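Remarks on the structure that follows.
Protein chains in written order, with the numbering used here: chain A, 8 to 346; chain B, 8 to 346; chain C, 8 to 346; chain D, 8 to 346.
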């Protein structure tokens, strides 16, 4: 039987926190009962919007509030582990912004504790909950691509947002989570090459390559100093290919028939040269639901029905392990790291 | 004093040869005097268009024709060396399709011979002659970018065109030539990771990274099995950045003011997040002259005025050395190759 | 001296009302004190988000609440007049969704009453408050365009949203308000040609032409049954031209140098043919502030400082007069209507 | 039985003539035997390319050459009638650039003469021969659109090319020919509103509306002073809609499922608002054959097999009648002209 309304606390009211608050406030089975941030300005701004919620600059006050069932952690990554440990320790369900933690050892301890406490632990691998990725998973699931050959992603824009993590932890993490969800397999090795172009900053540009047991390969380009915003993923298969352009509001996902891609004659080769493509394109309708709505609703649902989150502790851990390996490769100038 | 009209032979009438013929035919100081290809169909098709030219399936006939001053070699790469050696040996000026040769040893022999024969040797690094690359070189030359930080290029499409070379020799070569022309510096090392997804074929997908003595880095993504055609290069600098999209007929080159890219405050960081960019964009008018027109005209001009081609033997050699290193890295699974 | 916080009621919680509520809730000098809608579901949904506000299904309750200073009317157009009359009559300031009213006679009565009551009356001509239109107004104000030659707007998409008005009142009204703001002049005549393609529905497609005393001309294409969403306005001048594409997040506003548009020679004409443009393009950075934030903040500011709204009653009236003329022309099969 | 090779003369070597020459030179069943232009520079330039062709500045010399079977008229419109009359009068087949003539009376005389002489008369309504329009015709022919509701075309760019005709005769003519080909029906009336913004020039901007016996409507926007090049046609139907963007090399033709365009509920209306579309998109592969190749090959084929051209005299006449009506409407300030 489903439980009653889940009363929630939100910790961390910086960039992403207000979006979590907005989505929580609209969920019929959740209640935003507590807002917490060390910054009083942010706290007051959100308190104006949600006057029904208690507020405090101290996380301890959240834990002391016996009415709170679940905690949403939207603070900088470095504090995820400590806050989540404390919340799980006090028997609360926890929804953590990506990345789950800043180390795999920490992630393992969170998983253990959540299990012992029988609490729901979910990491916000946000793209997993987007209608576009769901549509791509359906295409792959039906076998329309044939055998997958490569995953290639460009995720770049202008702006240094994160000061405590590098661009891999900020942006490439999305691709790690998407790949984990779409292909359900773990690479055997990875390399990461990066550059820190700004004095005193972490890497702002990186190229990651993921190697698999077979011929499949994945590559991710992330950059905070790009002159143009790009969010585009190509997935190549033996039968069809997918173009996923998250900024193309009209055709976010396109499925391309490969057609006569391999020219068997000189004329066919010429035709391919002057032509842009050799097959039809199909762009399925993608729903407009906000990914964060789906993610928060899924978390509440898992709590009420004792379900297992699509992106729970183990999914979070797998991605943190990839991030750690990427950091090791970056530090070693791009040396391959076995996984 | 400038010489008279240069009488030219064209060897190789496959995909690119007819374009060379068309441009040659329109040059006031050149004459298309001889067409040569082993394939009689191609030969007859071109002969219909240029009935003034002699034709033969034998290259030896070209060399025997005393009226021919210059030879254009547009055959598959593997034959470039032999044909060019013979032509230079007989005192002809030679214009060779890219790549100059398939090995650096061969390229060095061509350079030597051209020098001894006092013949003009030019390799068709075609993008060097495009109005777009010329515009970018001007922007860089004026110092508008500040210090260059990275060069990132995506050059992908659908279609296997080349059977005797891999995708690096077919597509990445363009970026090697463009970088050589724009930055005038040689990388200290490179890595190339690739995949041959099709039975019996060479690599159809590759990621190349070029390392330099300082913090500058270059990366090139080439792919013959991509669902979409992309020809886009990003050049990042400390002051401004360039977007060069060769398929954007309206704004082929854009110069982006970096503006407040490094957020010094939380609000600035937020503004960068929700905004697409932080500075103005300027798109200079790019002329419509065909690059191959510029290249062929430049070759004829060098012959008549005894000038040095912008992309002569040494430029061709530098690029072939990079291609060789890329092949070694590919074969070693992406191991860095010192240059 | 500026007044204290303005306490606001919001009437109408359909599509646009929640956006008004969200912006109001974030204004430091305003308070969302009352929510009103006949539909109890909408009322409850918003009440969850803004528990501090009183709620009622009866507008009379709003007027009875002595703490309310200002009323935001976001109901269907047909009720704007009656609600606004009542609110002004009780001494409240009023912010009305576009259109101000459904007839010019009604608009004139509202203007009179607002003046007599010394209340602020503002119509939400939303695009007037967008950063993009502000940037265009600045370009025009500096004289950069030279003499304005034409205004051409395409505002189309898929979806019948409004049941009580036709596509002209829903979409073309935006262009009427933008033109009024940018050029500050009234056309001498207009024609409107439309089609009602769906049984029992008003016109879903219309073409409007606005004639002026001189050679300037304006044209607006609106369509609810278009296969693609377009929001693009071209403004031509003797010196420069503006492209305003509201869906181009990267380059929302572009200023194009006209350059050698008028070919004085055969070669220049040829160059124009093969080229896409003849001058540079400049895309100024456009701020990311939401237009509705600017509009609501401006209304509150006008109340507190007794200022005159940029889009007050007379601006609303001018646009309603154009809408009435458009309806007369539509009914007469596109006959010109003198203004 | 098919005839032998057709020997052709080309008159008029301005902008379009060289394209005709290039396509003719590649047709296996045609021969470019004569080049004619009053301008000796143009004549010499083309003679260099096609040394096999005779040349003359006098059209009379073409007619005197007994070896010539067919004449291609690519001169300015004002001379089409006289040259075509003379060529038909001497028993030659004629291919005329659009428009067929500058008056319907002239077009009727050409049709008569061609019939009496049993000569093929074809007008180069070039888009009728493009793979994109062929693909759209196929979609319409299969009934995929349902009942056609509207045709809306934007055909604008920067550049005054034509000095002897206005923008309607230069650009809108393409839409008249496309509509004639796609729908096979004649409008009952049309209006044309235009402006001549440049001293001493004909109209550079025009809006044309075509009325039909039923609810179908067509609208064409042509402009020589636009800051951006657009070639986009929307065709709306009760079941599906077509987007034909001739500058979108990847997806030139898209077929859009209309889906739930008419919102039957508040939620559906909201979904349509925030979403860009309500159905799938399908972009068929469009061949890369040049339209002018198809047109010239079709003409040669009609001559050899005594076939009737798809765009013969009567198609040319229908379009000239529309152009004449447009001119009358322009002169009358946009008054409707019955057809």
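Virtual Cβ for every residue (Gly too), placed ideally from N, Cα, C.
Just so you know, these numbers come straight off a predicted model, no measurement behind them.
Can you give me the Cβ contacts of residue i inside the same chain, cut-off strictly under 8 Å, excluding the 5 residues immediately before and after it?
i: residue 288 of chain A; result: 261, 262, 263, 264
i: residue 226 of chain C; result: 157, 158, 159, 160, 214, 215, 216, 217
i: residue 66 of chain D; result: 18, 43, 90, 93
i: residue 306 of chain A; result: 77, 100, 102, 127, 129, 316
i: residue 345 of chain B; result: 195, 196
i: residue 124 of chain B; result: 95, 96, 98
With DSSP collapsed to three states, give me the class of residue i.
i: residue 53 of chain D; result: helix
i: residue 136 of chain D; result: helix
i: residue 344 of chain C; result: strand
i: residue 105 of chain D; result: coil
i: residue 225 of chain D; result: strand
i: residue 120 of chain B; result: helix
i: residue 201 of chain B; result: strand
i: residue 194 of chain B; result: coil
Quick one: does residue i have its CB under 7 Å from some CB of chain E?
i: residue 290 of chain D; result: In summary, chain E is missing from the structure at hand, where the protein chains are A, B, C and D.
With a threshold of 6 Å on Cβ separation, who are the neighbours of residue i within its own chain once the five nearest residues in sequence on each side are excluded?
i: residue 116 of chain B; result: none
i: residue 259 of chain C; result: 139, 293
i: residue 235 of chain A; result: none
i: residue 329 of chain D; result: 183
i: residue 229 of chain D; result: 162, 174, 178, 179, 213
i: residue 20 of chain B; result: 44, 49, 53
Alpha carbon to alpha carbon, how far is residue i from residue j?
i: residue 152 of chain B; j: residue 194 of chain B; result: 20 Å
i: residue 211 of chain D; j: residue 337 of chain D; result: 12 Å
i: residue 53 of chain B; j: residue 59 of chain B; result: 11 Å
i: residue 319 of chain D; j: residue 292 of chain D; result: 29 Å
i: residue 163 of chain B; j: residue 143 of chain A; result: 21 Å
i: residue 199 of chain C; j: residue 172 of chain C; result: 15 Å
i: residue 339 of chain D; j: residue 191 of chain D; result: 28 Å
i: residue 244 of chain D; j: residue 184 of chain D; result: 20 Å
i: residue 300 of chain D; j: residue 131 of chain D; result: 11 Å
i: residue 41 of chain A; j: residue 207 of chain A; result: 36 Å
i: residue 343 of chain A; j: residue 341 of chain B; result: 9 Å
i: residue 36 of chain A; j: residue 61 of chain A; result: 19 Å
i: residue 238 of chain B; j: residue 38 of chain B; result: 33 Å
i: residue 26 of chain D; j: residue 79 of chain D; result: 12 Å
i: residue 251 of chain A; j: residue 202 of chain A; result: 27 Å
i: residue 118 of chain D; j: residue 96 of chain D; result: 12 Å
i: residue 49 of chain A; j: residue 28 of chain A; result: 13 Å
Given a cut-off of 7 Å, decide if residue j and residue i are closer than it, judged by their beta-carbon atoms.
i: residue 87 of chain D; j: residue 69 of chain D; result: no
i: residue 31 of chain B; j: residue 24 of chain B; result: no
i: residue 160 of chain D; j: residue 240 of chain D; result: yes
i: residue 304 of chain B; j: residue 34 of chain B; result: yes
i: residue 85 of chain C; j: residue 109 of chain C; result: yes
i: residue 197 of chain D; j: residue 332 of chain D; result: yes
i: residue 298 of chain A; j: residue 137 of chain A; result: yes
i: residue 347 of chain D; j: residue 181 of chain D; result: Past the boundaries of the shown model lies residue 347 of chain D; chain D is included only from 8 to 346, so the question cannot be answered.
i: residue 14 of chain D; j: residue 63 of chain D; result: no
Excluding the 5 residues flanking residue i on each side, which residues of the same chain have their C-beta closer than 7 Å to its C-beta?
i: residue 233 of chain B; result: 163, 164, 165
i: residue 187 of chain C; result: 322, 325, 326
- Got a sec: which bits of the segment 217 to 245 of chain A sit with their beta carbon under 8 Å from any beta carbon on chain C, in order along the chain? Flagged, chain order: 235, 236.
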